[in-house]
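Chemist: Below is one structure. I have some questions about it.
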Amino acid sequence: MTTKPSSNHSPIFSVLAKFFFSLGHVVLSFLSMIGEVFLYYLHSLRSLLRGNLDWERTFLEMNAIGVNSLPIVIIISSFTGMVISLHLSKAFVDFGVTSQMGHLLTLAFSRELAPVLTGVVVAGRAGSAIAAEIGSMSVTEQLDALKTLSTDPIDFLIAPKIFASFLMLPLLIVIANISGVLAGMWLAVHFKTITVLTFLDSILTYIKPWDFIGGIIKGFFFGLIIAGIGTYYGSHTENGAAGVGVSTTKTVVASTIFLFIINYFLSAFLYEL
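Sequential numbering from 2 applies to the sequence shown in the working numbering.
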């Protein structure tokens, strides 16, 4: 004689089933996104190796992603450097350890602040633009039109964006380092009675080339993440103009989250923290 499960447990089983179903859906969607983004990278590399990359569009994308992002990167990095210098220099002067001022400010910028700030700025400005452009072309069937004209959308549209972002992020990080450190030094020298010689001597004594190189290496990864995620959400845009807005929002949010996650693992690996 068979017995039926008590009806008292059915609501619990229903809630658990819905939870695991939702969890599985999220995991599968995440893995699908990761796989598709890596395919974009591989197809872009294939375009480069086969000589199919549209270099004219690549240079235009480098200008849009890199050069046009330069003013905001300089402004944000400079004022961030001044804010940090404002806090550190006061404490260092009070405790008589001004010889460490340049070292700590430069270390913070070269390893973390310059890469992360630059990545967030480019994700908000260029990443959203990538998603909006591809999303607009997707909902108006322009991507299908390219295929009809025997033009590979990856060679013509996606690969230039990925390579432009890959190449320009490290250069922007170099500019962010220079801007932040110089602005911080200017404030420390003019307002907190720290001499230029003391500041520079601290940098030359304690900072190693790898501190800068590690931050620049992060830029290559950040560039791939921003362009890849922007391309993914742009390619999956639906529901017309409203969908384009949703895609740009998802791109900025997802890119920022991934940047901070990848930054942790890169910091742990590059600097053996």
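From the three backbone atoms N, C-alpha and C, an ideal C-beta is built for every residue, glycine too.
1) Does the structure place the segment 223-234 close enough to the segment 117-137 that three or more beta carbon pairs sit under 8 Å?
2) State yes or no: is the C-beta of Arg112 within less than 8 Å of the C-beta of Ser268?
3) What does the Cβ neighbour count give for Gly82, buried or exposed, with the cut at 16 atoms within 10 Å?
4) What is the DSSP secondary structure of Ile218, counted as helix, strand or coil?
5) On the three-pair Cβ rule with 8 Å, is the segment 150-164 touching the segment 49-62?
6) In whole angstroms, give me the CA-to-CA distance for Val253 and Gly125.
7) Rounded to whole angstroms, what's the CA-CA distance from Thr238 to Val38? Just pull it up for me.
8) Determine the direct distance from the alpha carbon of Ala242 to that of Thr250, and round the result to whole angstroms.
9) DSSP three-state call for Thr199: helix, strand or coil?
10) Below 8 Å, can you find three or more Cβ-Cβ pairs linking the segment 133-144 to the segment 183-192?
11) Below 8 Å on the Cβ atoms is my guess for Leu276 versus Phe223; work out the distance and round it to an integer in Å.
12) Please classify Tyr272: does DSSP put it in a helix, a strand, or coil?
13) Look at the Cβ atom of Leu205, then the Cβ atom of Thr119, and state whether they are nearer than 8 Å.
14) Starting from Phe14 and walking both ways along the alpha helix (DSSP H), at which residues does that stretch end?
Modeler: A quick look at the data gives this:
1) yes
2) Position 111 of the sequence shown, counted from the start, is the residue given in the question as residue 112. Position 267 of the sequence shown, counted from the start, is the residue given in the question as residue 268. The answer is yes: Cβ separation under 8 Å.
3) Working through the sequence shown from its first residue, we reach residue 82 at position 81. With 16 or more Cβ atoms within 10 Å of its Cβ, Gly82 is classed as buried.
4) As a first step, residue 218 is located in the sequence shown; it is residue number 217 there, counting from the start. Three-state DSSP puts Ile218 in a helix.
5) yes
6) Working through the sequence shown from its first residue, we reach residue 253 at position 252. Working through the sequence shown from its first residue, we reach residue 125 at position 124. Each residue's alpha carbon lies about 5 Å from the other.
7) Locating residue 238 in the sequence shown gives position 237, counting from the first residue. Locating residue 38 in the sequence shown gives position 37, counting from the first residue. Roughly 15 Å separates the two Cα atoms.
8) The count along the sequence shown starts at 1 and reaches residue 250 at position 249. The count along the sequence shown starts at 1 and reaches residue 242 at position 241. So the alpha carbons of these two residues sit roughly 13 Å apart.
9) The sequence position of residue 199 within the sequence shown is 198, counting from 1. Note: Thr199 maps to helix in three-state DSSP.
10) no
11) With the chain covering only 2 through 274, there is no way to say anything about residue 276.
12) Within the sequence shown, the letter at position 271 stands for residue 272. If DSSP states are grouped into helix, strand and coil, Tyr272 belongs with coil.
13) One-based indexing of the sequence shown puts residue 205 at position 204. One-based indexing of the sequence shown puts residue 119 at position 118. Not in contact: Leu205 and Thr119 (Cβ atoms no closer than 8 Å).
14) Your numbering for residue 14 matches position 13 in the sequence shown. Element bounds for Phe14: 11-50.
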